[in-house]
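Student: Once you've had a glance at the structure underneath, I'll fire off some questions.
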Amino acid sequence: MDKTVSSPEQAVAGIENGAVLMIGGFGGSGAPVELIHALVGRYVATGSPTDLTVVNNNAGNGRVGIAAMIDAGMVAKMVCSFPRSSDPRAFTEKYLADEIGLELVPQGTLAERIRAAGAGIPAFYTPTSYGTELAEGKPVAEFDGKKYVQERWLQADVAIIKAELADTHGNLTYRHAARNFSPLMCMAAGVSIVQARKVVAPGEIDPEHVVTPGIFVDAVLEVPKPLQEEELIRSGEAY
Amino acid sequence: MDKTVSSPEQAVAGIENGAVLMIGGFGGSGAPVELIHALVGRYVATGSPTDLTVVNNNAGNGRVGIAAMIDAGMVAKMVCSFPRSSDPRAFTEKYLADEIGLELVPQGTLAERIRAAGAGIPAFYTPTSYGTELAEGKPVAEFDGKKYVQERWLQADVAIIKAELADTHGNLTYRHAARNFSPLMCMAAGVSIVQARKVVAPGEIDPEHVVTPGIFVDAVLEVPKPLQEEELIRSGEAY
Amino acid sequence: MSVPKLTSAQVAWRAAQDIEDGAYVNLGIGLPELVARFQPEGRQAVFHTENGVLGFGEAPATGEEDWDLINAGKKAITLKPGASFFHHADSFAMVRGGHLDVAILGAYQVAQNGDLANWRVGSKGVPAVGGAMDLVHGAKRVAVVTDHVTKDGKPKLVEECTFPLTGKECIGRVYTSLAVIDVVDGRFVLREKLPEITLEDLQSLTGAGLATPDHVGDLVAPDLS
Amino acid sequence: MSVPKLTSAQVAWRAAQDIEDGAYVNLGIGLPELVARFQPEGRQAVFHTENGVLGFGEAPATGEEDWDLINAGKKAITLKPGASFFHHADSFAMVRGGHLDVAILGAYQVAQNGDLANWRVGSKGVPAVGGAMDLVHGAKRVAVVTDHVTKDGKPKLVEECTFPLTGKECIGRVYTSLAVIDVVDGRFVLREKLPEITLEDLQSLTGAGLATPDHVGDLVAPDLS
């Protein structure tokens, strides 16, 4: 019952070609940079994993993190709400060249679809996007005189996540707004791989303060001084 | 921006005849005994509020809390998953005499229907209850080869809730398993009325530890030494 | 017919042998709760209770109860290191989302197609369902622990449930006082039986056909009295 | 035609006057964000941002940023006492569930039936929607702040949106650089206009008919330059 792993390379070793991969973070807050870079490193060295579908609110910025994955050529498709941010060059280039797919999902619907997968809810109705082009082809139903769009759960093979504290059972806390999609992604993925600033013994996180219970987590890696993606981008770093 | 009220009587003064009332708690853990008893007191003194629909996992025990409401005759219908507990006499008597209604809902579906109301999701699909008598009359749909039952959100006019800490903006924490349905009910009700063991100034609850953000809470009452329903029942207390 | 049979504790012990180290487990109220007592040496399961606790332990000593710290059966519990609290929607996300490894429930009847009836025996009285209908769809493995027959000797393993269903085609394995039986492709397959009972006698106490593969193990439990 | 008009800050100031004390408010990225600067004396609104923060305050000083503490526009923020963090599903439960009192958004076009187009002007380039489609269904009151016309002088208030919709029949009030206009039963109703502009000139800059009730107020904002 010890979920710790000892290196980023070991943590991401099991991710397969064609996997659906949820990556925590909103912009640079919560981006698991070390795990992502280990994955890029593995791809560069071995050609695998490739043909990935990546779920994240954005589609990468600058030349690090998800943008580095896209630049490396291992991403077949992005599922996101806002594939334009401060420097979305990597995605934009490949998208305009028709070399990467895009499923555009309203942000709240994206969050709810991920939660639904984690909660065993295969479909739900939302007012969001009703009457817009993003609802085209989706079933519509009326409840109490108002129209709603049916949305499906969004499941993943693997989630890679940045946490603040983890215990060896996989209980997690997050730091500030770096929480964002991460607790939901841990619920929705078959395997959740987490990098945490500090890994502690069971019992060192107050049971009242656990945000993600360990049942949703499979592997925990301590990364004591994690890179902050926004800071990397602002200083012009490239992977 | 100060949501505090000064007495249980003031807190429950606005609840109207015919209201749908969600009451936090699972068994005795999380039962807002002081608020419930203030409501019973108001009914006994004024005949109002009556004809209430009460949503709770159970249907009252012994002669306090929800059982006291039922005994008083102010409850028209219970919506719950388990209307039998250690001493369900109050509900059982009225139910067998056909003097109170019952909507029986599987526990997880009850929780999800309450959350759905809070999240603006009018309907969702669940595997729970498919093929059973509790799914009779409900739409069924197939997703990925498996059958699911459509369930509707469950909204309330008012929620009455027991918390551990509250700040004057209505941010809440709970105590141990007394959390149960309460955060969901705060989301689902038009008005959420909370009794907390201690009311503190904004900023005294760590933003990372807030369980129910204040946006879901309308009124906060400090009840420094709250009664614990299970203890009342075990000592044979009656309201 | 008087037959040897396992005690409730022995049935629970047998079910406990199949719970792997690190498993997340929900135990139904009553007989299933006994399973927690018999975790094999060196294995550590994490127990979930529907009302929002993961990682709970034994009951506290009498007088030491904290009634805000209870399980779904409203019994007082204690916490183990690594426990967590969460609200009911998250708790049933764990259940419905398939995050539990094992759920072990009681039964009035189990049908050969895996249908379970365990919440109501008739139309009289106050109906109550709790979390049973969620749990049967909740875990990677849903098993039943039960006496092989009812108190008046009627089969609990049947061709078709006559009591109201809790869930359809949801049970994978049944641990009874006489045997361990899997549900495979719409029929009961015998995996283990008490050595003291013949196949014919076991079949006569079972309300549906028992398929018997080449190897049927001996169901042997230690004396736990 | 050269007309007087409010500055962006003045439009934001006008919108801020309608936000009651204690309101929970989401401000869209860009011009709407300015609204936060003009909360009337004695009133305290609580600001929500989609990425999971309630109760945030001003931007920190340059060099003081914590990039784990940002808003939906990825700008660094600070916290006020009483703030809280939560995940994205809870954040959009606040939005979709109608818990926000006010959402104020930008617009490419608003139609007289309340349709809003604010996420995409054509089919070229990379589309991006963010939380706009959720926010228009999210608040008790959904309002727009905008210049009255586009940069090249075309009406933004129209009979029917020609750009892709963000939401149908979702806007209740539009604060423009020239007027305050409500959407009532499928048409624009003028509530306030700049005293310096005639009704005729305002109508000529508006792409749909403006109903004018007996009382149309003067839109007057302080000098904020």
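So the sequences go chain by chain: E, X, L and D. Mapped onto the numbering used here, the consecutive letters of the first sequence carry residue numbers 47 to 285. Mapped onto the numbering used here, the consecutive letters of the second sequence carry residue numbers 47 to 285. Mapped onto the numbering used here, the consecutive letters of the third sequence carry residue numbers -7 to 217. Mapped onto the numbering used here, the consecutive letters of the fourth sequence carry residue numbers -7 to 217. Cβ coordinates follow ideal geometry from the N, Cα and C atoms, glycine included. Only a predicted model underlies this, so the values are computations on that prediction, with no experimental measurement involved.
With a threshold of 16 other CB atoms inside 10 Å of the CB of residue 191 of chain L, please say whether the residue is buried or exposed.
Tutor: Residue 191 of chain L comes out exposed.
Student: Against residue 226 of chain X, what residues of chain D qualify as contacts under a CB-to-CB distance less than 7 Å, listed in chain order?
Tutor: Within chain D, no residue comes near residue 226 of chain X; the closest Cβ sits about 17 Å away, beyond 7 Å.
Student: Assuming residue 68 of chain X and residue 160 of chain X make a contact with CB atoms under 8 Å, what is their CB distance in whole Å?
Tutor: Contact holds; Cβ gap of about 7 Å.
Student: Can residue 174 of chain L and residue 164 of chain L be called in contact, C-beta distance under 8 Å?
Tutor: Closer than 8 Å, so yes.
Student: Using DSSP bridges, identify the partner residues of residue 194 of chain E.
Tutor: In DSSP, residue 194 of chain E forms a bridge with E/187.
Student: Could you give the DSSP three-state label for residue 9 of chain D: helix, strand or coil?
Tutor: Three-state result, residue 9 of chain D: helix.
Student: Just curious, the alpha helix (DSSP H) that residue 189 of chain L is in, first and last residue?
Tutor: From DSSP, residue 189 of chain L is part of no alpha helix (DSSP H); its letter is neither H nor E.
Student: I'd like the span of the alpha helix (DSSP H) that includes residue 39 of chain L, first residue to last.
Tutor: Per DSSP, residue 39 of chain L belongs to no alpha helix (DSSP H); it is in the beta strand (DSSP E), 38 to 41.
Student: For residue 54 of chain L, count the other beta carbons within 10 Å of its own beta carbon; 16 or more makes it buried, fewer makes it exposed. Which is it?
Tutor: Under this definition residue 54 of chain L is an exposed residue.
Student: What is the DSSP secondary structure of residue 89 of chain E, counted as helix, strand or coil?
Tutor: Residue 89 of chain E falls in the helix class under three-state DSSP.
Student: Does DSSP put residue 68 of chain E in a helix, a strand or coil?
Tutor: Note: residue 68 of chain E maps to strand in three-state DSSP.
Student: Spell out a yes or no on whether the stretch 65 to 72 of chain D and the stretch 236 to 247 of chain X are touching, meaning 3 or more CB-CB pairs, one atom from each, closer than 8 Å.
Tutor: Short answer: they don't touch.
Student: Alpha carbon to alpha carbon, how far is residue 170 of chain L from residue 137 of chain L?
Tutor: Computed Cα separation, rounded: 11 Å.
Student: If you reduce the DSSP assignment to three classes, tell me which class residue 75 of chain E lands in.
Tutor: Strand at residue 75 of chain E.
Student: Go through the stretch 102 to 133 of chain L residue by residue and report every complete run of the alpha helix (DSSP H) that reaches 4 residues or more, in order.
Tutor: 124 to 127, all fully within the stretch 102 to 133 of chain L.
Student: Going by DSSP, what residue range makes up the beta strand (DSSP E) through residue 87 of chain D?
Tutor: Careful: residue 87 of chain D lies outside any beta strand (DSSP E), inside the alpha helix (DSSP H) at 80 to 88.
Student: For residue 229 of chain E and residue 85 of chain X, what's the separation of their Cα atoms in angstroms?
Tutor: Near 38 Å, if we compare the C-alpha coordinates of residue 85 of chain X and residue 229 of chain E.
Student: Give a yes or no on whether the C-beta atoms belonging to residue 124 of chain L and residue 94 of chain L are separated by under 8 Å.
Tutor: Result no, Cβ atoms of residue 124 of chain L and residue 94 of chain L do not sit closer than 8 Å.
Student: Grab the span of the alpha helix (DSSP H) containing residue 233 of chain E for me, first residue to last.
Tutor: Taken as a continuous stretch (DSSP letters only), the alpha helix (DSSP H) holding residue 233 of chain E covers 228 to 234.
Student: Could you give the residue range of the alpha helix (DSSP H) that holds residue 154 of chain E?
Tutor: That run of the alpha helix (DSSP H) goes 153 to 165.
Student: Return the CA-CA distance between residue 111 of chain D and residue 10 of chain D, expressed in angstroms with no decimal places.
Tutor: Taking the straight line joining both Cα atoms gives about 25 Å.
Student: Could you work out which residue in X/123, X/111 and X/107 is closest to residue 101 of chain X when comparing CA atoms only?
Tutor: For the residues X/123, X/111 and X/107, the minimum Cα distance to residue 101 of chain X belongs to X/123.
Student: Less than 8 Å between the C-beta atoms of residue 155 of chain X and residue 125 of chain X, yes or no?
Tutor: Result no, Cβ atoms of residue 155 of chain X and residue 125 of chain X do not sit closer than 8 Å.
Student: Smallest Cα separation from residue 15 of chain E: which of E/115, E/225 and E/165?
Tutor: The requested residue 15 of chain E does not occur in the structure, where chain E is confined to residues 47 to 285.
Student: Could you name each continuous alpha helix (DSSP H) segment of 4 residues or more that falls completely within the stretch 93 to 151 of chain E, going from the start of the chain to the end?
Tutor: Counting whole runs of 4 or more residues, the stretch 93 to 151 of chain E contains the alpha helix (DSSP H) stretches 112 to 118 and 135 to 142.
Student: So, under 8 Å CB-CB, residue 205 of chain E and residue 220 of chain E are touching, yes? Tell me the CB distance rounded to an integer number of Å.
Tutor: At roughly 14 Å, the Cβ-Cβ gap does not stay under 8 Å, so residue 205 of chain E and residue 220 of chain E are not in contact.
Student: Of all the residues that make up the stretch 73 to 95 of chain D, which are near chain E by a beta-carbon distance shorter than 8 Å?
Tutor: If the cut-off is 8 Å between Cβ atoms, the stretch 73 to 95 of chain D has 77, 78, 79, 80, 81, 83, 84, 87 and 88 near chain E.
Student: Using the rule of at least 16 other Cβ atoms within 10 Å of the residue's Cβ for burial, across every protein chain shown, is residue 175 of chain X buried or exposed?
Tutor: So residue 175 of chain X ends up on the buried side.
Student: Pull the bridge partners of residue 14 of chain L from the DSSP assignment, please.
Tutor: Answer is none; residue 14 of chain L lacks a bridge partner.
Student: Quick one: what's residue 241 of chain E bridged to in DSSP?
Tutor: In DSSP, residue 241 of chain E forms a bridge with E/208 and E/267.
Student: DSSP has residue 169 of chain X in a bridge; who is on the other side?
Tutor: According to DSSP, which records beta bridges pairwise, residue 169 of chain X is partnered with X/198.
Student: Which residues bound the alpha helix (DSSP H) around residue 31 of chain X?
Tutor: Since the first residue shown for chain X is 47 and the last is 285, residue 31 of chain X is missing from the structure and cannot be characterised.
Student: Please check if any C-beta of chain D sits within less than 8 Å of the C-beta of residue 128 of chain E.
Tutor: True, the Cβ-Cβ gap to chain D drops below 8 Å.
Student: How about residue 200 of chain D and residue 149 of chain D: are their beta carbons less than 8 Å apart?
Tutor: Yes, the pair counts as a contact, with Cβ atoms nearer than the cut-off.
Student: Quick one: give me the first and last residue of the beta strand (DSSP E) that residue 46 of chain L is part of.
Tutor: Residues 45 to 48.
Student: Could you check what DSSP says for residue 257 of chain E in three-state terms: helix, strand or coil?
Tutor: If DSSP states are grouped into helix, strand and coil, residue 257 of chain E belongs with coil.
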